[in-house]
Amino acid sequence: MTSKRAWAALMALTCWLAAFVTMAEPVWNFPLAANVVEGKGGYLVLTNRETLLDSSYVPQNLTALSLRSVGRDHELRREAADALTQMFVAAEADGHKLYVKSAYRSWQTQSSMYHNRVERYNKDDGVVAYPGSSDHQTGLGVDILNYEWTKREGMTPAFGETAEAQWMEQHCARFGFILRYMPEKQEITGIIYEPWHFRYVGQEVAQYIMENRLSLEEFDQSVKAAIAAYEAQGGDYAALCRQLNAPPEPKMLGESDEEGDGEVSLFYPSNP
Ligand SMILES: [Zn+2]
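Residue numbers (the numbering used here): 186 to 457.
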């Protein structure tokens, strides 16, 4: 092959490759569907010391819990409340009585708890979350104890050794909850291991997070990376979600061929 012909062949190949690359559909490369991790409904809202919720943030659909609890007037977002009710029923069927210790907390409540703690110990000792950083402000986070621990002064990681804590960690994902502050993620979450604190994120995401032992921070990062990768290929993430969320196209009745001409079926019986 002359060098001229080789050059022409190379150019042709380059053009073909370029055309192929431009034509390639962007690929959504994440184990969960694009619209599942979209965070529609606000169930994936992340709050921590770096990502604060506004003092005016009040979750929608707060509803009173009617479950065994310490104290009264506990509220969660309705979907989380329903899921928690199912979790309590399932736990009891397995011989475990659970108690709600704390659920939704407003920014104002969190703020006074925080400032009381700081005043009492003269420093932020990390026990009470900074206002706006608490998972409880989302209306999706809940502290759950067993009977014995409801009688104690405070909560410590030792609660994780109880049968109830172990049952919750093992079964929470079935009901859409995750163990929000895992022992091996303290560096990332900035919060100690809290075997009593569960956070509603919806069933599919909860199953993925618990199976892969992720913090919500890591999950949030990996979703953001997947969206960035999709858009780097020229994809439109919002459009992809709209397409996945759209109801299926209605099917016309009486159509029997590609043209939609019902009469054709007379000539092409469906069971030849
Ligand atoms: Zn908590």
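Cβ atoms here follow ideal geometry from the backbone N, Cα and C, with glycine treated the same way. Nothing here was measured: the structure is a model prediction, and the numbers come from that model.
Checklist entry - Who are Thr248's beta bridge partners in DSSP? => result As a first step, residue 248 must be located in the sequence shown, where it is residue number 63. For Thr248, which the question treats as bridged, DSSP gives the partners Leu261.
Checklist entry - Which runs of the beta strand (DSSP E), 3 residues or longer, sit entirely within the stretch 319-394? => result 326-330, 362-364, 382-385
Item to check | Exposure of Thr374, with buried meaning 16 or more beta-carbon neighbours within 10 Å | outcome: The residue given as residue 374 occupies position 189 in the sequence shown. Buried: at least 16 other Cβ atoms inside 10 Å.
Checklist entry - In terms of DSSP beta bridges, what is Asp285 paired with? => result Counting from 1 along the sequence shown, the entry for residue 285 is found at position 100. In the sequence under discussion, the amino acid at residue 285 is Val, which differs from the Asp named in the question. Answer by DSSP bridge pairing, in chain order: Ser254, Ile329.
Checklist entry - Out of Leu364, Gln388, Trp192, which has the shortest C-alpha to C-alpha gap to Leu401? => result Locating residue 401 in the sequence shown gives position 216, where the first residue counts as 1. When each option's Cα is compared against that of Leu401, the closest is Leu364.
Next on the checklist: Which residue wins for smallest C-alpha separation from Val408, given the options Tyr385, Leu231, Gln428, Thr270?
Outcome noted: Along the sequence shown, read from residue 1 onward, the residue named residue 408 stands at position 223. Residue Leu231 is the option with its Cα nearest to Val408.
Checklist entry - Where does Leu429 land, buried or exposed, given buried means 16+ other C-beta within 10 angstroms? => result In the sequence shown, the residue the question calls residue 429 occupies position 244. Per the 10 Å Cβ criterion, exposed.
Checklist entry - Regarding His259 and ligand 1, is the C-beta to nearest heavy atom distance less than 7 Å? => result Residue numbering aside, residue 259 sits at position 74 when the sequence shown is read from its first letter. Incorrect: His259 has no Cβ contact closer than 7 Å to ligand 1.
Item to check | Member of Gln295, Asn233, Val285, Pro316 whose CA lies at the smallest distance from the CA of Gln371 | outcome: Residue 371 sits at position 186 when you count from the first residue of the sequence shown. Checked all of Gln295, Asn233, Val285, Pro316; the closest Cα to Gln371 is Asn233.
Next on the checklist: Counting C-beta neighbours from all protein chains within 10 Å, is the total for Ala209 16 or more, i.e. buried, or is it exposed?
Outcome noted: Translated into the one-based positions of the sequence shown, residue 209 becomes position 24. With fewer than 16 other Cβ atoms within 10 Å, it is exposed.
Item to check | Reduced DSSP category for Val221 - H, G, I as helix; E, B as strand; rest coil | outcome: Within the sequence shown, numbered from 1, the residue matching residue 221 stands at position 36. It is coil, neither helix nor strand.
Checklist entry - Between the C-alpha atoms of Ser297 and Thr270, what's the straight-line distance to the nearest angstrom? => result Position 112 of the sequence shown holds residue 297. Position 85 of the sequence shown holds residue 270. Cα to Cα, the separation comes out at about 29 Å.
Item to check | Pairwise C-alpha distance: Gly224 and Val212 | outcome: One-based indexing of the sequence shown puts residue 212 at position 27. One-based indexing of the sequence shown puts residue 224 at position 39. If you take the alpha carbons of Val212 and Gly224, they lie about 20 Å apart.
Item to check | Closest by C-alpha distance to Trp381, when choosing among Tyr366, Met395, Glu389 | outcome: Position 196 of the sequence shown, counted from the start, is the residue given in the question as residue 381. Closest option to Trp381, Cα to Cα, is Tyr366.
Checklist entry - Roughly how many angstroms separate the alpha carbons of Pro316 and Pro435, rounded to a whole number? => result The count along the sequence shown starts at 1 and reaches residue 316 at position 131. The count along the sequence shown starts at 1 and reaches residue 435 at position 250. Near 48 Å, if we compare the C-alpha coordinates of Pro435 and Pro316.
Checklist entry - When every heavy atom of ligand 1 is checked, does at least one fall within less than 7 Å of the C-beta of Asp310? => result Position 125 of the sequence shown holds residue 310. Outside the cutoff, so no.
Next on the checklist: Our contact map puts Ala249 next to Glu260 with C-beta atoms below 8 Å; I'd like the distance itself, whole angstroms only.
Outcome noted: The residue labelled residue 249 in the question sits at position 64 within the sequence shown. The residue labelled residue 260 in the question sits at position 75 within the sequence shown. About 6 Å; that satisfies the 8 Å criterion.
Item to check | Exercise answer, beta-carbon shell around ligand 1 heavy atoms below 5 Å | outcome: Asp328, His382
Checklist entry - Under a Cβ-count criterion, where at least 16 other Cβ atoms within 10 Å of its own Cβ denotes burial, should Ser241 be classed as buried or exposed? => result Taking the first residue of the sequence shown as position 1, residue 241 is located at position 56. Classification of Ser241: exposed, given that the 10 Å Cβ count is below 16.
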